[in-house]
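Please read the structure below before turning to the comments.
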Amino acid sequence: MADKQNGISVGLINANNKLKGMVIGTYNQSFGLKGLQIGLINQTMTNHGLQVGIFNRSYSKGFQIGIWNKNAKHTFPFINW
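Each number in the working numbering corresponds to the 1-based position in the sequence shown with 343 added.
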C-alpha cells in the first residue's frame with residue numbers, strides 16, 4: 344500500500360492512501376482520491392475526482408460512472424454525483 348502516490352498505477356488490485364493521478368485495475372481502493380479510478384470495483388473514502396467502473400463506492404461526494412454507484416448522498420445506476 345502506497346502512502347502518497349502521484350502519477351499512474353496499473354495492476355490487478357491497487358490500494359493507495361492518498362492518490363493524485365490515475366489508477367487502473369480490477370479492484371481499486373484509496374483513502375483519498377484526486378484523479379481518476381478505472382476498474383471493475385472502485386472504492387474511496389474521500390472522492391475529489393472521477394470513478395469509472397461497474398461498481399463504484401465513495402463515502403463522500405464525487406462523480407461516478409458505472410452500473411451501480413453509491414456515495415454519501417445518492418445511490419444511482421449509470422451516473423452519480
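Don't be surprised by glycine CBs; every beta carbon is placed ideally from N, CA and C.
Could one say the Cβ of residue i lies closer than 8 Å to chain C's Cβ atoms, at least one of them?
i: I410; result: Reference to chain C is not applicable here, since this structure consists of a single protein chain.
Less than 7 Å between C-beta atoms, sequence neighbours within five positions excluded: which residues of the same chain meet that for residue i?
i: G405; result: N390, H391, G392, Q394 and N414
CA-CA distance, residue i and residue j?
i: N349; j: N360; result: 11 Å
i: Y370; j: L383; result: 6 Å
i: L352; j: N423; result: Here residue 352 is Ser; the residue named in the question, Leu, does not match the sequence. Their backbone Cα atoms lie some 24 Å apart in a straight line.
What is the DSSP secondary structure of residue i, reduced to helix, strand or coil?
i: W424; result: coil
i: S401; result: strand
Tell me which same chain residues have a C-beta within less than 6 Å of the C-beta of residue i, skipping the five on either side of it?
i: K363; result: N349, K377 and G378
i: G409; result: G396, I397 and N399
i: T418; result: none
i: S401; result: T387, N390 and N414
With distance defined between alpha-carbon atoms, name the residue in the options nearest to residue i.
i: K347; options: I381, G354, Q407 and F374; result: F374
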